[in-house]
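Undergrad: Below: one structure in structure tokens.
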Amino acid sequence: VVEATVTAAGDCLTLPVRATVDAGSVQLGGAAARDVVVDAGAQTMTACGAGWDVGATVTLEADLTVALETWGGSQVGYSISDDANRGHFYYLVSWVGGCDRFGPCDHAPDVFARYRFTITHPADVTVLCPGTVTAGATETTCEFDHDGGPTYSTFGVVASNDWDVSALGTWDGVAVTAYNRRGSGVVGRIDAASQTAFLAWMRQTFGAFPYGDELRLVTGPTYWLGFEHPGNIVLLDTLDRQLNPAYRDPVNHTLTHELAHQWAGDQTTLADTYDFVWKESMAEYLAFVHEDTLDAATAQRTALAWKSFAVGAAFYPVPEEHPPLLDYYGEVYGPGPMILFRQLEALASRDAVIAALQELLGRPHAISVADVRAALEDTTGLDLGGYFDRWAIGTGAPTWPTFEVTTEDQGGGAIAVTVRQATPTDALYGCAFAVELDGANPDERAEVWIDLGVDGTAQVTEVAQGVTFAVTGTVLDPHGSCLAYPATAAAAPAPAPRGLVGSLPRARPQPPARGLDLRGHG
């Protein structure tokens, strides 16, 4: 059942749909529709009725089949997996532009809706989805009646017969319940005090938690490290056992990231598919800022992870060639937060960047990368036109700048440090970062700050004072403030990162024979 709002007067409605629709079952306003055409090539359905004026609401009903299939190796679509205990994990995921996989739906990223899901399921299965959950023995309903419910994240259902359920207390006025895959160590690694403090800071900075006073945390065998369904966060059930993790604390970093998405991605959502970078960058940056208030070394590890992820990127954060989202989305997690926020806080200030986010977040609306740029220009006072053109927007694989560092001992503890952009030679890249001066002993260290300006400078010299040791080496950007790499030793390519709302493909187990019967409307 779909309640559609008419945008152009007439007697026919056309909506995107990829699910298999029984054309004979289609009704409009309670009456059988006429001239129903399901166009598989165009992936649309047209149905005609009595006629409606602009702004009228029309109820569309139809019987349809949602295929047990996903987009590529992802979990976008509908999947049934076996978990580590051979329990069943059911997952229906819309993602950006994907709600029409499950029925007639306006899949534009900037559309908000309200939703009611009714799911028939085996008696041993627990079903969760955004909104208020009313669970029966074999039927569960979810009513989502909040403002700010984008289809990419709100149109999502997760279910399992293998969860341990536990209350994690109240985090800044929000009651938190965990649905943890039996035997998973993820919930045991959650730092409730840290997450409570983060929610309190988000509320104070950007407004109340957007989705009431309840939050559910779910673990299972997911393709992603985490997914930000409103009030219904899903985490990978082996997040506590990552080999050589990029982040110091993968469980809490990922959870903080997904909590940030409740404001940045869900309540405030994407204007267009290719604005994807801002929501991931914002969630990463807000998690980083929180980490920095608790432990600077943890935050530094996060920033350096972003630099590692950026090496070998195949697309710009805003790719002008518009590749399929599944092909490029993983490229935004490193360059995105560095370019949009971390580099700008180094050039301006963290307070200025947070002030820009305050202009953007805290209410249901859709924003673009251009809106993010405008807010940052407003609060930093910087002209970011050339900066965004150089760093963020382009075609093909981006080229990040490399720099040569030389030092000269001027006597009296003064060391002149010269930084020169080595590559590329035809364009300057603006950012600011430290250069670490090292001596022969581990405790012999000093730093000098290099500010290339927002539009870049070919060469800058700064003098470090009070250096009491002979300089034997330098480290470019030890704190991860810029996508600046040393020219003398090419940065080694990093392994492709497992993204926070996207990941490398995983082998898909065969589904069990039984499934769910889902009826929904939004």
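Everything in the sequence shown is counted per our numbering, starting at 129 for the first residue and increasing by one. Cβ coordinates follow ideal geometry from the N, Cα and C atoms, glycine included. Since the model is a prediction, treat every value here as computed from it, not as a measurement.
Please determine if the segment 572-586 and the segment 434-453 are in contact, where contact requires at least 3 C-beta pairs separated by less than 8 Å.
TA: They do not touch, by the three-pair rule.
Undergrad: Could you tell me which of 221, 343, 312 sits nearest to residue 369, measuring between CA atoms?
TA: Reading the sequence shown from its first residue, position 241 is the one you call residue 369. Taking only the C-alpha atoms, the option nearest residue 369 is 312.
Undergrad: Could you give the uninterrupted runs of the alpha helix (DSSP H) lying entirely in the segment 385-438, keeping only those of 4 residues or more?
TA: Listed in chain order, they are 404-422, 424-438.
Undergrad: Could you check what DSSP says for residue 482 in three-state terms: helix, strand or coil?
TA: For the purposes of this step, residue 482 is taken as residue 354 along the sequence shown, with counting starting at 1. In this structure, residue 482 counts as helix in the three-state DSSP scheme.
Undergrad: On the three-pair Cβ rule with 8 Å, is the segment 421-436 touching the segment 258-265?
TA: No, because fewer than three Cβ pairs between the segment 421-436 and the segment 258-265 fall closer than 8 Å, the two stretches do not touch.
Undergrad: With 16 as the cutoff for other CB atoms within 10 Å, does residue 197 come out buried or exposed?
TA: In the sequence shown, counting from the first residue as 1, residue 197 sits at position 69. That one is exposed.
Undergrad: Apply the 10 Å Cβ neighbour rule to residue 178 and answer buried if 16 or more other Cβ atoms are within range, or exposed otherwise.
TA: On the sequence shown, residue 178 is found 50 positions in, with the first residue counted as 1. Residue 178 should be labelled exposed.
Undergrad: Is residue 499 closer than 8 Å to residue 237 when the C-beta atoms are compared?
TA: By 1-based counting over the sequence shown, the position of residue 237 is 109. By 1-based counting over the sequence shown, the position of residue 499 is 371. The answer is no: Cβ separation not under 8 Å.
Undergrad: For the beta strand (DSSP E) containing residue 587, name the first residue and the last one.
TA: In the sequence shown, residue 587 corresponds to position 459, counting from 1. That run of the beta strand (DSSP E) goes 587-592.
Undergrad: Using 10 angstroms around the beta-carbon of residue 87, count the other beta-carbons present and answer buried if the total reaches 16, otherwise exposed.
TA: Since the displayed the chain opens at 129 and closes at 650, residue 87 lies outside it and no answer follows.
Undergrad: Is it the case that the Cβ atoms of residue 251 and residue 269 are separated by a distance below 8 Å?
TA: As a first step, residue 251 must be located in the sequence shown, where it is residue number 123. As a first step, residue 269 must be located in the sequence shown, where it is residue number 141. The answer is no: Cβ separation not under 8 Å.
Undergrad: Bridge partners for residue 292 per DSSP, in chain order?
TA: Translated into the one-based positions of the sequence shown, residue 292 becomes position 164. 308.
Undergrad: Do you know how far the Cα of residue 528 is from the Cα of residue 516?
TA: Your numbering for residue 516 matches position 388 in the sequence shown. Your numbering for residue 528 matches position 400 in the sequence shown. Going from the Cα of residue 516 to the Cα of residue 528 covers about 13 Å.
Undergrad: Can you tell me which of 558, 592, 357, 163 puts its alpha carbon nearest to the alpha carbon of residue 79?
TA: The structure shown does not extend to residue 79, since the chain spans only 129 to 650, so no value can be given for it.
Undergrad: With DSSP as the reference, please indicate the residues paired to residue 299 in a beta bridge.
TA: Your numbering for residue 299 matches position 171 in the sequence shown. Answer is 302.
Undergrad: May I ask you to report which of helix, strand or coil DSSP gives residue 137?
TA: Translated into positions along the sequence shown, residue 137 becomes position 9. Coil, per DSSP.
Undergrad: Could you check where the alpha helix (DSSP H) with residue 322 kicks off and where it finishes?
TA: The residue given as residue 322 occupies position 194 in the sequence shown. It spans 320-334 - the alpha helix (DSSP H) in which residue 322 sits, taken as one unbroken run.
Undergrad: Do the CB positions of residue 134 and residue 184 come within less than 8 Å of each other?
TA: By 1-based counting over the sequence shown, the position of residue 134 is 6. By 1-based counting over the sequence shown, the position of residue 184 is 56. In this structure, residue 184 lies closer than 8 Å to residue 134 by Cβ.
Undergrad: Tell me whether residue 576 is buried or exposed, calling it buried when 16 or more other Cβ atoms sit within 10 Å of its Cβ.
TA: Taking the sequence shown and counting its residues from 1, one reaches residue 576 at position 448. So residue 576 counts as buried.
Undergrad: By DSSP, does residue 268 sit in helix, in strand, or in coil?
TA: In the sequence shown, the residue the question calls residue 268 occupies position 140. Of the three classes helix, strand and coil, the one that applies to residue 268 here is strand, per DSSP.
Undergrad: Quick one: give me the first and last residue of the beta strand (DSSP E) that residue 210 is part of.
TA: In the sequence shown, the residue the question calls residue 210 occupies position 82. Residue 210 -> beta strand (DSSP E) spans 205-210.
Undergrad: Residue 244 lies in the beta strand (DSSP E); which residues open and close that run?
TA: Sequence index remark: in the sequence shown, residue 244 carries index 116 (1-based). Start and end: 243-248.
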